[in-house]
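Residue numbers (UniProt numbering): 1 to 323.
What follows is a single structure, written as structure tokens, with notes after it.
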């Protein structure tokens with residue numbers, strides 16, 4: 001049992017759901033997973049075993065995961081329920097109505113939505129004090145962050161228990177104090193994407209240049225230097241001076257880019273169609289996906305070494321990062 005939780009139910013066995021189930025099972029908890037698709041349930045344990053094998057971790061954790069063909073069966077004895085279904089408000093509302101009717105009265109109910117306000121998902125529940133958001137990042141077993149989002153109805157106890165549970169599992173939970181669309185991470189990420197798309201749309205540079213600039217400049221620092229840390233490092237006075245010059249020129253429209261809308265209308269959907277902002281061969285796609293996993297594993301291993309005090313990095317330079 002961890003923080004009063006011994007049994008977890010995960011709703012959805014897909015890209016996020018199977019990875020979330022893996023983390024809970026790796027922490028020693030019994031996990032029930034519901035999915036309406038029989039094929040997803042049939043592949044569930046093998047997918048988890050494959051991930052664990054690739055990470056060099058004990059595959060026995062997959063034995064603590066039980067596929068369930070019925071929602072009520074999955075949540076019947078759960079202390080904690082996390083929904084990882086389609087990013088659709090009607091679907092999520094319908095699911096939580098069914099979950100609340102079938103789960104124990106003391107269970108905490110969490111949604112893994114990426115951007116939908118938790119208030120809109122949970123407003124129809126009878127007991128809204130136990131409902132909140134836990135936004136995991138893909139892949140859940142490699143990316144440490146979990147955003148914990150309360151609503152105006154969520155009890156402080158539910159937030160505290162959820163934070164403690166995820167911290168005990170080795171995650172990095174953060175408390176998002178106001179329930180706003182996109183929470184913290186996706187608001188930051190898509191603010192960057194809006195400007196990146198605008199640079200291409202306005203022919204300031206091509207798409208490849210945008211990615212090269214990010215990956216070979218401030219992107220290299222982001223793992224150890226957040227934007228607020230960077231602002232303090234260079235000084236709030238310099239930050240103010242830069243903002244006085246640049247902010248007026250940065251894209252600020254509140255609607256999606258017409259260029260992005262045109263790409264979608266033309267069927268240029270990115271890697272799934274072979275072309276989006278850039279063209280992608282199957283080989284290029286596979287190489288990029290491989291590089292992402294390699295980098296995330298490297299970061300995970302570095303985190304583990306730092307936690308044990310064996311980083312081995314003797315470079316303690318304090319050079320500027322004003323970029």
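Glycine is no exception: its CB is placed at the ideal position from the N, C-alpha and C atoms.
Contact between the stretch 114-122 and the stretch 32-52 is absent: fewer than three C-beta pairs spanning the two stretches fall below 8 angstroms. Cβ-Cβ distances below 6 angstroms link residue 173 to 146, 148, 163, 166, 167 in the same chain, with the five nearest sequence neighbours on each side left out; the list follows chain order. With a beta-carbon spacing of about 6 angstroms, residue 85 and residue 95 fall inside the 8 angstroms limit used to define contacts. For residue 204, there is no enclosing beta strand (DSSP E), as DSSP marks it with neither H nor E. For residue 144, the secondary structure class from DSSP, reduced to helix, strand or coil, is coil. When the five nearest sequence neighbours on each side are left out, the beta carbons in the same chain lying within less than 6 angstroms of the beta carbon of residue 133 are those of 111, 118, 149, in order along the chain. In this structure, residue 142 lies away from residue 116, with their beta-carbon atoms at least 7 angstroms apart. Distances from the CA of residue 262 to each of 108, 276, 156 were compared; the closest alpha carbon is that of 276. Secondary structure note for residue 236: its alpha helix (DSSP H) is the uninterrupted segment 236-246.
Distance from the CA atom of residue 76 to the CA atom of residue 12, rounded to whole angstroms, is 16 angstroms. DSSP places residue 184 outside both helix and strand once states are collapsed to three, so it counts as coil. Bounds of the alpha helix (DSSP H) holding residue 304 are 282-308. Around the beta carbon of residue 1, fewer than 16 other beta carbons sit within 10 angstroms, so the residue counts as exposed.
For residue 109, the enclosing beta strand (DSSP E) begins and ends at 108-111. Comparing alpha carbon positions, the residue from 192, 300, 63, 306 closest to residue 22 is 63. Distances from the alpha-carbon of residue 255 to those of 306, 16, 193, 231 put 193 closest.
If only complete runs of 3 or more residues are kept, the stretch 41-96 shows the beta strand (DSSP E) at 65-68, 80-83, in order along the chain.
Within 10 angstroms of the beta-carbon of residue 222 lie fewer than 16 other beta-carbons, which makes it exposed. Excluding residues up to 5 positions away in sequence, 147, 148, 149, 183, 184 lie with their Cβ nearer than 7 angstroms to the Cβ of residue 176 in the same chain. Residue 174: member of the beta strand (DSSP E) spanning 172-176, first to last residue. Its chain contains 13, 14 as the residues whose beta carbon lies nearer than 7 angstroms to that of residue 40, once the 5 sequence neighbours on both sides are disregarded; these appear in chain order. DSSP places residue 262 outside any beta strand (DSSP E); the residue lies instead in the alpha helix (DSSP H), whose first and last residues are 258-265.
Secondary structure of residue 251 (DSSP, three-state): coil. Judged by DSSP secondary structure, residue 118 falls within the alpha helix (DSSP H) whose first and last residues are 118-122. Closest in C-alpha terms to residue 301, from the list 207, 213, 144, 205, comes 144.
Membership of residue 134 in the beta strand (DSSP E) is indicated by the continuous run 131-136. Around the CB of residue 7, 16 or more other CB atoms lie within 10 Å, so the residue is classed as buried. Between residue 9 and residue 102, the C-beta spacing is not below 7 angstroms. CA-to-CA, the gap between residue 3 and residue 81 works out to about 14 angstroms. Taking C-beta atoms as the reference points, residue 131 and residue 109 count as a pair closer than 7 angstroms.
The beta carbon of residue 54 sits closer than 6 angstroms to no other beta carbon from its chain once the five residues preceding and following it are set aside.
In the DSSP assignment, residue 39 forms no beta bridge with any residue. Here residue 186 is near residue 114, since their CB atoms are less than 7 angstroms apart.
Per DSSP, reduced to three states, the secondary structure at residue 278 is coil, with no helix or strand assignment.
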